[in-house]
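Only one structure is covered here, and it is reproduced in the block below.
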Amino acid sequence: MTISDKILAARDKMTPSERQLIGFLLDDYPIAGLGSITELAAKASVSTTTITRMLQKVGVEGYAQFQVALRGELKEMISDPIAKRDMWKTDLPEEHILNRYSRQVLENQKRTLDDIDPDEFDSLCDLVCDANRTVFVAGGRITSTLAQYLYLHLQMIRPNVRLLPMTASWPHDLLDIKKGDILIVLDVRRYENTTLAMGQMCYEQGAEVILFTDQWRSPIHNIAKLTFSSRIAAPSAWDSMASILVLLECAIARAQEQLWDTVEARTDALEAAFDRTKLFRKFV
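Taking UniProt numbering, the leading residue of the sequence shown gets 1, the next gets one more, and so forth.
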């Protein structure tokens with residue numbers, strides 16, 4: 001577990017001053033905890049005793065250990081592919097890649113799903129199914145493929161779904177965003193400036209921001225109405241997106257059932273268009 005995972009798991013045991021400290025830490029995590037204990041106390045408007053007490057409740061022995069853990073997490077957050085591979089390669093057992101890689105990916109999926117709050121997931125689906133809201137979908141250099149996948153399915157499920165392009169023209173699309181619309185944004189380490197700018201601009205225009213990210217959490221989480229963190233580390237130079245894909249497919253399946261009458265009508269119209277264009281091969 002990351003330090004933020006431990007903090008969130010112990011939140012219910014915290015006093016009001018400790019929760020104030022937690023809020024400050026998580027708003028700029030992990031950077032907020034990298035200064036001295038007196039600097040953190042002053043910025044969070046709490047005592048150093050409050051910091052020590054909070055750390056004890058989350059199972060961290062002291063402030064020095066806390067900072068060592070934060071620096072380790074920061075290193076992972078900004079790791080490039082070569083650094084990721086170096087981190088894994090010394091610990092890899094001698095077994096086939098099918099076993100080694102798939103076991104970690106399945107464990108990622110299990111831990112991701114175990115950490116999801118069902119009520120928050122239901123809130124996501126209710127927002128997506130609200131026909132009065134336009135849904136904008138955006139991703140980064142790698143996650144744009146997942147954004148495209150989600151967009152195509154949501155477009156079949158309901159009207160008014162827009163995909164923000166990975167080109168310089170994306171600000172044009174935000175001219176149409178209005179208060180109450182939704183931005184679903186995907187952003188994983190190393191966290192891209194473009195996706196952050198998208199999130200900030202949509203938030204400033206009154207949109208509800210929904211973030212799919214990793215266990216370290218994109219800075220976008222500070223403005224997100226809902227944040228879904230997935231485990232993505234795998235024995236490879238590149239992260240695994242499988243856990244995020246599972247969550248997206250769960251949301252697609254729920255939205256499809258919730259809006260089935262609309263889905264059925266739109267699917268009939270889409271199939272008629274496919275027949276006219278002869279997109280799919282006919283065997284009879």
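Built from N, CA and C at the ideal position, the CB exists for glycine as well. Fair warning: this is a prediction, and the values are worked out from it, not measured in the lab.
Query raised in the report: Which word fits residue 66, buried or exposed, when buried means at least 16 other C-beta atoms lie within 10 angstroms of its C-beta?
Result: By the Cβ neighbour-count rule, residue 66 is buried, with 16 or more other Cβ atoms within 10 Å of its own.
Report task. With a 10 Å radius around its C-beta and 16 neighbouring C-beta atoms as the bar for buried, classify residue 260 as buried or exposed. Result -> With fewer than 16 other Cβ atoms from the protein chains shown falling within 10 Å of its own Cβ, residue 260 counts as exposed.
Query raised in the report: Quick one: what's residue 214 bridged to in DSSP?
Result: According to DSSP, residue 214 bridges with 230.
Query - Cutoff 6 Å; reference residue 248; Cβ partners in own chain excluding five residues on either side - result: 150.
Query raised in the report: In whole angstroms, what is the alpha-carbon distance linking residue 45 and residue 180?
Result: The alpha-carbon separation between residue 45 and residue 180 amounts to approximately 33 Å.
Requested in this report: Mind reading off the beta-carbon distance from residue 183 to residue 139? Whole number of angstroms is fine, and I expect it under 8 Å.
Outcome: Contact flag wrong, Cβ pair sits at about 11 Å.
Query raised in the report: Should residue 208 be labelled buried (16 or more other beta-carbon atoms within 10 Å of its own) or exposed?
Result: By the C-beta density criterion, residue 208 is buried, having at least 16 other C-beta atoms within 10 angstroms.
**Report entry** Beta-carbon spacing of residue 146, residue 245 below 8 Å
**Finding:** Residue 245 is positioned such that its CB atom lies closer than 8 Å to that of residue 146.
**Report entry** Cβ shell of residue 48 (< 7 Å), same chain only, five flanking positions each side left out
**Finding:** If we look at residue 48 and ignore the five residues flanking it on each side, its Cβ neighbours are 37, 38, 41.
Requested in this report: Would you mind reading off the limits of the alpha helix (DSSP H) that contains residue 97?
Outcome: Counting along the chain, the unbroken alpha helix (DSSP H) around residue 97 starts and ends at 97-115.
Requested in this report: Rank 113, 103, 69, 7 by C-alpha distance to the C-alpha of residue 236 and give the top, closest one.
Outcome: For the residues 113, 103, 69, 7, the minimum Cα distance to residue 236 belongs to 103.
Query - Residue span of the alpha helix (DSSP H) that contains residue 42, given as start and end - result: Residues 37-44.
Query raised in the report: Is it true that the segment 22-37 meets the segment 62-76, where meeting means three or more beta-carbon pairs spaced less than 8 Å apart?
Result: Between the segment 22-37 and the segment 62-76, the count of Cβ pairs shorter than 8 Å is three or higher; the stretches touch.
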